[in-house]
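Residue numbers (this note's numbering): 117 to 307.
For reference, the structure discussed in these notes is given below.
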């Protein structure tokens, strides 16, 4: 009886291995070999530029907490920050819509942007609401913390997007060099 069970186990294991080799691995491999989408690359570059502006805004906002400026100055900078965050969100929406046609590294860039964008939008909204309630004291510890977190998140988002754009440009350059040197098909097997 034990021999029969071992034989069934081996047969099942062989069938599963065959299934994986014949059906699953080619699908996974094809998904990994998806070429980068030029439209997504362009959107990532635009998002990078806007994220850099948001990061500069957030840094400037944080410095306001160390100076004696009016609440109107804070409100003006928050309005600029809000507009830039909303503009960046439009790029993120377009990237999310194009995600299925993106290469794996582009999909990863999009996926990593989303939680940082949510955090950035949430902190910006919280800072705006706090300023509306505390116009006479725009530099409370809570407000300063919102601005500090925004600065940190904006910098992280900007750096991350910039790194992905640089990665894409480096990959494209490497592909061109491979073609020039005739080192293969011009496209690497594993993206």
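For every residue, glycine included, the Cβ atom is placed at its ideal position computed from N, Cα and C.
Helix, strand or coil, according to DSSP, for residue i in the structure here?
i: residue 248; result: helix
i: residue 298; result: coil
i: residue 254; result: coil
i: residue 272; result: helix
i: residue 186; result: coil
i: residue 174; result: helix
i: residue 214; result: coil
i: residue 181; result: coil
i: residue 152; result: coil
Where residue i and residue j are concerned, what is the direct C-alpha to C-alpha distance, given to the nearest angstrom?
i: residue 240; j: residue 198; result: 7 Å
i: residue 229; j: residue 212; result: 10 Å
i: residue 209; j: residue 264; result: 26 Å
i: residue 253; j: residue 175; result: 20 Å
i: residue 160; j: residue 196; result: 22 Å
i: residue 200; j: residue 151; result: 31 Å
i: residue 298; j: residue 244; result: 57 Å
i: residue 238; j: residue 202; result: 12 Å
i: residue 218; j: residue 188; result: 43 Å
i: residue 294; j: residue 286; result: 12 Å
i: residue 142; j: residue 180; result: Model confidence at residue 142 stands at a pLDDT of 45, short of 50, so the residue's coordinates are unreliable; what they give is reported in the following sentence. Cα to Cα, residue 142 sits roughly 55 Å from residue 180.
i: residue 147; j: residue 282; result: Note on residue 147: pLDDT 45, under 50, position unreliable in the model; no value is reported.
i: residue 251; j: residue 164; result: 33 Å
i: residue 319; j: residue 242; result: Look at the range of the chain in this structure, 117 to 307, and you will see that residue 319 is not part of it.
Among the options, whose alpha-carbon lies nearest the alpha-carbon of residue i?
i: residue 271; options: 166, 156, 213; result: 166
i: residue 278; options: 235, 248, 158, 153; result: 158
i: residue 183; options: 225, 168, 256, 218; result: 256
i: residue 221; options: 296, 267, 154; result: 154
i: residue 276; options: 232, 261, 287; result: 232
i: residue 236; options: 194, 250, 251; result: 194
Any heavy atom of the ligand NAD within a distance shorter than 7 Å of the CB on residue i?
i: residue 295; result: Questions concerning the ligand NAD fall outside what the structure shown contains, since it holds no ligand whatsoever.
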